[in-house]
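Visitor: Please see the structure below; I have some questions.
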């Protein structure tokens, strides 16, 4: 048992509501309504758990990227930006009609092509994010073994 005094939520300025205090190893309702803070140390992170969490984060980021690129492409197409770019490409290419330059640019930057590149980027990004999460968990575990982990204070329920 530690001899350091426990800090309570009321001593930190928090507003305790329906809190409990630990007396003699078991929880009891506090008359003052204080919540007891207990020190805890995060000493080890499961690499598999970090890999799963970072993989799901990468998937979510990939889906968000695909959705945002789709919305951006539709907005630019609706605003007529692609037609302006088509005519500009036609002028620089020196084609006699706008359609020759326009069709090549439109084919090159169609929604299907843009979404294909975005999907490839999202898959690569998911793999990178998952591997970075795993690597960070392994680095944390190594550092935790050297310095003793991350010290936090948790409320006792």
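Residue numbers (full-length UniProt numbering): 1 to 157. Even for Gly, the Cβ is constructed at its ideal location relative to N, Cα and C.
Out of curiosity, what's the CA-to-CA distance linking residue 169 and residue 153?
Guide: Residue 169 lies beyond the stretch modelled for the chain, which goes from 1 to 157, so this question has no answer here.
Visitor: Please classify residue 54 as buried or exposed, where buried requires at least 16 other C-beta atoms within 10 Å of its C-beta.
Guide: Flag for residue 54 reads buried.
Visitor: Using the rule of at least 16 other Cβ atoms within 10 Å of the residue's Cβ for burial, across every protein chain shown, is residue 45 buried or exposed?
Guide: Flag for residue 45 reads buried.
Visitor: Residue 86 and residue 117 look like a contact to me (Cβ under 8 angstroms); what is the Cβ gap, rounded to whole Å?
Guide: That pair is no contact at about 19 angstroms.
Visitor: Which of the three DSSP states, helix, strand or coil, is assigned to residue 89?
Guide: DSSP places residue 89 in helix when its eight states are reduced to three.
Visitor: In three-state DSSP terms, what is residue 127?
Guide: Helix, per DSSP.
Visitor: According to the neighbour-count rule (16 or more other Cβ atoms, all chains shown, within 10 Å of its Cβ), is residue 129 buried or exposed?
Guide: Residue 129 should be labelled buried.
Visitor: For residue 35, count the other beta carbons within 10 Å of its own beta carbon; 16 or more makes it buried, fewer makes it exposed. Which is it?
Guide: So residue 35 counts as buried.
Visitor: Please list the terminal residues of the continuous beta strand (DSSP E) segment that includes residue 152.
Guide: First-last of the beta strand (DSSP E) with residue 152: 150 to 155.
Visitor: Among 135, 120 and 144, which has the Cα closest to the Cα of residue 59?
Guide: Of the listed residues, the one whose Cα sits closest to residue 59 is 120.
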